[in-house]
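Residue numbers (our numbering), protein chains in the order written: chain A, 12 to 385; chain B, 12 to 385.
Each remark here refers to the structure printed beneath this line.
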DNA sequence: TGCATCATCCAAAGCGCTTTGGTAAATTTG
DNA sequence: CAAATTTACCAAAGCGCTTTGGATGATGCA
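Spelled out as structure tokens, the structure:
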């Protein structure tokens, strides 16, 4: 039997479950009475205020630990006026109800950071036409202290909307057409695709296909810009037949690659916006009896998804890599700071993708012949 | 330019953003004063209590709509003693910090249902050794009204723990060794893999490999049971060399498949626990110069992930399919009911997977010859 | 007509915290 | 040593709702 990893024993993993539970949940009044102190003092002791002697603070902390007293967060939230939660909206449309594949890793990164500061992550799944209403509701009802905007469009109305709402927010990505200043964390998509295109051009590829995301998405637009710039710099034009955009599924990658490679003047290389359509692209290449990395080169953008690592001794795909999980952490950091200090000036983080060479690229077939006979 | 889908115009998508905002957030006191009513009556009108005339209720509702009054949920939660939130814990371990690839689709399904009943989804990202503490904290602080347990182990301590805690919960999956009654939603994993194995046996395959998930996970155990039963029923034994378990990554699928097929007595068919390692398996098969569906047959379990659909005219993979998104919906339904009526008896839902035939299976090579020469 | 009933509404008391505005004792200061 | 601080605590007033326990006038019934 092959075991891919040594598993930690169950007993060890859940040892903490064995700790005895406090029978009844007590409130501050009872807890402070038990200590012979006023609720005021206990609250202050627990929250680190200075008007409490160190001896008392220690006594309170120890009793809380021993009796399992934890302040009720509903009461705390009302009293402090803070929700201690960050909102994320997951919009689903009826037609193509796909969850963004990077969503879970982004959430994992952001959530780690939230936990450190005691914030909950509040996720709202809504129909996409209800997204605006959701932000308004979240703000009005005071459900959250801030929100993260996912997947900005080129001219994204949500930014102005949230600005009006006065709810702190950070955008994962940018909106090119929005001139206002706002918090964002983005990958340098333009440069990443510029470099990736150049990399392929340097290998002798002249006809390079682009399997992009949906063009109303800002990131897809920037990537197309980088691609176009690189071609232009070598005096190459932009061929509509070599550019596709769509929702990033395996099927999309497969169908588009097959169509392009079956065209009259097929590309010798492809830029693919995500590892998922790239899986489809690889399937199409195989189906056509071609070899990836020889007949057709492929460069992907790799979000470093935890369930789909492009790793190994030599990665499967040559890639521009930028961890979406890290992006999540950065967004959380910025948002937490913005909430703590509303007067703080906006913060922007532009992450550079690294270009890592894998098995999926090689010299263009034309160049390959020259190299072989040279 | 190829467009994979017609995009709805931006203007339409965000038209709701244009609705004017209420300048100031008012509270119940102000709102009821504005109406010349007491807070009591307004609260009752808004919450559908009978002690309010229909005329007044209508007036209140219209004013609320017009002025954009929404009750503060922090206050509401304190007053009602309900958190109006369901907790999900996402444990990450330091070593293999993978997010379960089915997580986002499950969440999407559950979240849809939560929204219908006004529940928030509260997600806590914690280190896995802190998971127990998190449940206790969630319960003590009153952060949530119930929780969903993900990925139960064969003997999962969390179930007894939550039972003690008195916090309503539902398990996505089951724990074979736990005898207590509890709410769960599960796929009939045993039958699914029994059927899948039989399907391959009927095609003449005698040596069938199993690329399973981690064996401490309950679902992996049941799947192995189904596989073993099917072999046994045909008088075939269980060969350790043909059984692997591990975290379900592409890399795992690739490495394991390559190892098995390179063995002295390789399998002619594989059962793969998820589409993701199956992608790796396909890569390994290709790498070895073999053809999937001819030299090696592959049956997968397909969770019907929205970002990785096994569809098309003929699906890529023959699969036992069961939507994890549906499972999420069912879990949410059960939990919401359990919260509404704590005395309610436990509910269990066993989902049957459908066996759909795709391109990845065919007669065993031995049988193929007979068929061809027959 | 007189009394019980019902339909509507309201005042005030929570929910369990935090925080303001104190007080009394201990300590420092001139 | 008296006055001015400082230290360490507490009582009570919120936070913005829901909900209990009336109150008032309209209606039904004999």
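Every residue gets a Cβ at the ideal spot worked out from N, C-alpha and C, and that includes glycine.
Please read these numbers as outputs of a predicted model, since none were measured by experiment.
> Would a C-beta distance cut-off of 8 Å place residue 331 of chain A and residue 206 of chain A closer than the cut-off?
Replying inline: Taking the first chain and counting its residues from 1, the one referred to as residue 331 of chain A is at position 320. Taking the first chain and counting its residues from 1, the one referred to as residue 206 of chain A is at position 195. Cβ atoms of residue 331 of chain A and residue 206 of chain A: closer than 8 Å.
> In whole angstroms, what is the alpha-carbon distance linking residue 321 of chain B and residue 313 of chain B?
Replying inline: Within the second chain, numbered from 1, the residue matching residue 321 of chain B stands at position 310. Within the second chain, numbered from 1, the residue matching residue 313 of chain B stands at position 302. Cα-Cα distance, rounded: 7 Å.
> With respect to the beta strand (DSSP E) encompassing residue 111 of chain B, which residues constitute its N-terminal and C-terminal limits?
Replying inline: Along the second chain, one-based indexing puts residue 111 of chain B at 100. Careful: residue 111 of chain B lies outside any beta strand (DSSP E) and carries neither H nor E.
> Apart from the five residues on each side of it in sequence, which residues of its chain come closer than 8 Å, Cβ to Cβ, to residue 74 of chain B?
Replying inline: What you label residue 74 of chain B is simply residue 63 of the second chain in a count that begins at 1. Excluding residues within five positions, the ones whose Cβ falls inside 8 Å are 42, 45, 46 and 80.
> Would you call the CB atoms of residue 422 of chain A and residue 266 of chain A closer than 8 Å?
Replying inline: Coverage of chain A is limited to positions 12 through 385, which leaves residue 422 of chain A absent and any answer about it impossible.
> Fully enclosed by the region 114-195 of chain B, which beta strand (DSSP E) runs are 3 residues long or longer?
Replying inline: 131-138, 157-160 and 180-183
> Which stretch, first to last residue, makes up the alpha helix (DSSP H) that contains residue 422 of chain B?
Replying inline: Residue coverage of chain B in this structure runs from 12 to 385, which leaves residue 422 of chain B outside it and unanswerable.
> Would DSSP call residue 365 of chain A helix, strand or coil?
Replying inline: As a working note, residue 365 of chain A is residue 354 in the first chain. If DSSP states are grouped into helix, strand and coil, residue 365 of chain A belongs with the strands.
> How would you label residue 325 of chain A, buried or exposed, when you count the other beta carbons within 10 angstroms and need 16 or more for buried?
Replying inline: Taking the first chain and counting its residues from 1, one reaches residue 325 of chain A at position 314. Under this definition residue 325 of chain A is an exposed residue.
> Do we get a CB-CB distance below 8 Å when we pair residue 262 of chain A with the residues of chain B?
Replying inline: Counting from 1 along the first chain, the entry for residue 262 of chain A is found at position 251. It does: the Cβ of residue 262 of chain A has a partner Cβ on chain B nearer than 8 Å.
> Are the beta-carbon atoms of residue 328 of chain A and residue 302 of chain A separated by less than 8 Å?
Replying inline: As a working mapping, residue 328 of chain A is identified with position 317 in the first chain. As a working mapping, residue 302 of chain A is identified with position 291 in the first chain. No, these two residues do not count as a Cβ contact at 8 Å.
> How would you list, in chain order, the residues of chain B whose beta-carbon sits under 8 Å from the beta-carbon of residue 232 of chain A?
Replying inline: Residue 232 of chain A sits at position 221 when you count from the first residue of the first chain. Under the 8 Å cutoff, chain B gives no residues; its nearest Cβ is about 13 Å from residue 232 of chain A.
> What residues in the region 370-382 of chain B bring their beta carbon closer than 9 Å to a beta carbon of chain A?
Replying inline: none
> What is the rounded straight-line gap between the Cα of residue 375 of chain A and the Cα of residue 306 of chain A?
Replying inline: Position 364 of the first chain, counted from the first residue, corresponds to residue 375 of chain A. Position 295 of the first chain, counted from the first residue, corresponds to residue 306 of chain A. One C-alpha to the other measures close to 8 Å.
> The beta strand (DSSP E) with residue 280 of chain A in it runs from where to where?
Replying inline: The sequence position of residue 280 of chain A within the first chain is 269, counting from 1. Residue 280 of chain A -> beta strand (DSSP E) spans 280-283.
> Nearest CA to the CA of residue 371 of chain B: which residue from B:290, B:99 and B:356?
Replying inline: Along the second chain, one-based indexing puts residue 371 of chain B at 360. Among B:290, B:99 and B:356, the Cα nearest to that of residue 371 of chain B belongs to B:290.
> Applying a beta-carbon distance threshold of less than 8 Å, which residues of chain A neighbour residue 123 of chain B?
Replying inline: Counting from 1 along the second chain, the entry for residue 123 of chain B is found at position 112. Here the neighbours are 103 and 136.
> Below 8 Å between beta carbons: does that hold for residue 120 of chain A and residue 338 of chain A?
Replying inline: For the purposes of this step, residue 120 of chain A is taken as the residue at position 109 of the first chain. For the purposes of this step, residue 338 of chain A is taken as the residue at position 327 of the first chain. Yes, the Cβ-Cβ distance between residue 120 of chain A and residue 338 of chain A is below 8 Å.
>> So for residue 209 of chain A, helix, strand or coil by DSSP?
In response: Here residue 209 of chain A refers to the residue found at position 198 of the first chain. Residue state, collapsed to three classes: helix.
> Hey, is residue 112 of chain A's beta-carbon within less than 8 Å of any beta-carbon in chain B?
Replying inline: Taking the first chain and counting its residues from 1, one reaches residue 112 of chain A at position 101. Cβ-Cβ to chain B under 8 Å: yes for residue 112 of chain A.
> By Cβ distance, which residues of its chain are closer than 6 Å to residue 232 of chain A, with the 5 residues on each side in sequence left out?
Replying inline: Translated into the one-based positions of the first chain, residue 232 of chain A becomes position 221. So the list reads 165, once near-sequence residues are dropped.
> In chain B, which residues lie with their C-beta within 9 Å of the C-beta of residue 341 of chain A?
Replying inline: Locating residue 341 of chain A in the first chain gives position 330, counting from the first residue. In chain order: nothing, as chain B lies at least about 15 Å away.
>> Taking the straight line between their C-alpha atoms, what separation do you get for residue 236 of chain B and residue 201 of chain B?
In response: Along the second chain, one-based indexing puts residue 236 of chain B at 225. Along the second chain, one-based indexing puts residue 201 of chain B at 190. Distance between the alpha carbons of residue 236 of chain B and residue 201 of chain B is about 6 Å.
> By Cβ distance below 6 Å, which residues in the same chain neighbour residue 204 of chain B in space, the five residues on each side in sequence not counted?
Replying inline: In the second chain, the residue the question calls residue 204 of chain B occupies position 193. Counting only Cβ-Cβ distances below 6 Å, and skipping sequence neighbours, we find 234, 237 and 238.
>> Just to confirm my understanding: we take residue 110 of chain B, look at its own chain, exclude 5 residues before and 5 after, and list those with CB closer than 8 Å. What are they?
In response: As a position in the second chain, residue 110 of chain B is number 99, starting the count at 1. Closer than 8 Å at the Cβ level, and outside the excluded window around residue 110 of chain B, lie 101 and 103.
> With residue 130 of chain B and residue 95 of chain B assumed to form a contact (beta carbons below 8 Å), what rounded beta-carbon distance in angstroms separates them?
Replying inline: Taking the first residue of the second chain as 1, we reach residue 130 of chain B at position 119. Taking the first residue of the second chain as 1, we reach residue 95 of chain B at position 84. Residue 130 of chain B to residue 95 of chain B, Cβ: 6 Å. Contact.
>> Please tell me whether residue 158 of chain A and residue 123 of chain B are closer than 8 Å, where the distance is taken between their beta carbons.
In response: As a working mapping, residue 158 of chain A is identified with position 147 in the first chain. As a working mapping, residue 123 of chain B is identified with position 112 in the second chain. No.
>> In this structure, how does DSSP classify residue 332 of chain B when only helix, strand and coil are distinguished?
In response: Looking up residue 332 of chain B in the second chain gives position 321. If DSSP states are grouped into helix, strand and coil, residue 332 of chain B belongs with the strands.
> In the structure shown, what three-state DSSP assignment does residue 375 of chain B receive?
Replying inline: Against the second chain, residue 375 of chain B aligns to sequence position 364. Residue 375 of chain B falls in the coil class under three-state DSSP.
> Helix, strand or coil for residue 322 of chain B per DSSP?
Replying inline: As a working note, residue 322 of chain B is residue 311 in the second chain. Here residue 322 of chain B sits in coil by DSSP.
> Helix, strand or coil: which one does DSSP assign to residue 312 of chain B?
Replying inline: Numbered from its first residue, the second chain carries residue 312 of chain B at position 301. It is a strand residue.
> Should residue 92 of chain B be labelled buried (16 or more other beta-carbon atoms within 10 Å of its own) or exposed?
Replying inline: Position 81 of the second chain, counted from the start, is the residue given in the question as residue 92 of chain B. Exposed.
> With contact counted as at least three CB pairs below 8 Å, one residue from each stretch, are the region 190-201 of chain A and the region 135-153 of chain A in contact?
Replying inline: no
>> Is there a C-beta anywhere in chain A that falls below 8 Å from the one on residue 318 of chain B?
In response: As a position in the second chain, residue 318 of chain B is number 307, starting the count at 1. Yes - at least one Cβ of chain A is within 8 Å of the one on residue 318 of chain B.
> Taking Cβ positions, are residue 160 of chain A and residue 125 of chain A nearer each other than 8 Å?
Replying inline: Taking the first residue of the first chain as position 1, residue 160 of chain A is located at position 149. Taking the first residue of the first chain as position 1, residue 125 of chain A is located at position 114. No, the pair does not count as a contact, with Cβ atoms beyond the cut-off.
> So residue 71 of chain A is in the alpha helix (DSSP H); what residue range does that whole segment cover?
Replying inline: For the purposes of this step, residue 71 of chain A is taken as the residue at position 60 of the first chain. First-last of the alpha helix (DSSP H) with residue 71 of chain A: 65-78.
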